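Participant:
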């Protein structure tokens, strides 16, 4: 029986180098999911079932309050909505320190 798993690892860069340090090139190529959270609402299922086009759902944020920028569901920054060539963007107003960002990723 041949071991094909060892052949596959020869073609794939290792997450760590020979000294045990994290390979930055591999780390920087990992995809993450980024999202912007405007606010949240908790409603009863009966109220959810009554929603129709034009319904308004009140969120827990006050107008003008910073939005949360999340990476893999972890808040890493806050910012405000801006327009960039007819598209939405976020201008960051606060960024969590690197140690805090990496703690939950």
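In our numbering, the protein residues as written are 1267 to 1371. Where a beta carbon is used, it is the ideal one built from N, C-alpha and C, also for glycine. Here the structure is a predicted model, which means the values were calculated and not measured.
When the Cα atoms are used, what is the spatial distance from residue 1366 to residue 1336?
Facilitator: Those two C-alpha atoms are separated by around 13 Å.
Participant: If you pair each beta-carbon of the region 1291–1298 with each one of the region 1309–1327, do three or more pairs fall below 8 Å?
Facilitator: Result no; under three Cβ-Cβ pairs closer than 8 Å.
Participant: Nearest by alpha-carbon distance to residue 1307: which of 1326, 1316 and 1320 is it?
Facilitator: Per the Cα distances, 1326.
Participant: Could you give the C-beta distance for residue 1344 and residue 1360, rounded to a whole number, given that I count them as a contact under 8 Å?
Facilitator: Indeed they touch by this definition, with Cβ atoms about 4 Å apart.
Participant: Going by Cα to Cα distance, which pick from 1301, 1340 and 1354 is closest to residue 1368?
Facilitator: Out of 1301, 1340 and 1354, 1340 has the C-alpha closest to the C-alpha of residue 1368.
Participant: Sort 1363, 1332, 1338 and 1342 by Cα distance to residue 1348 and report the nearest one.
Facilitator: Closest by alpha carbon: 1332.
Participant: Consider the C-beta atom of residue 1322 and the heavy atoms of the ligand GTP; say whether any pair is separated by less than 8 Å.
Facilitator: Because no ligand of any kind appears in the structure shown, any question about the ligand GTP cannot be addressed here.
Participant: Going by Cα to Cα distance, which pick from 1342, 1354 and 1280 is closest to residue 1363?
Facilitator: If we check each option's Cα against that of residue 1363, 1342 comes out closest.
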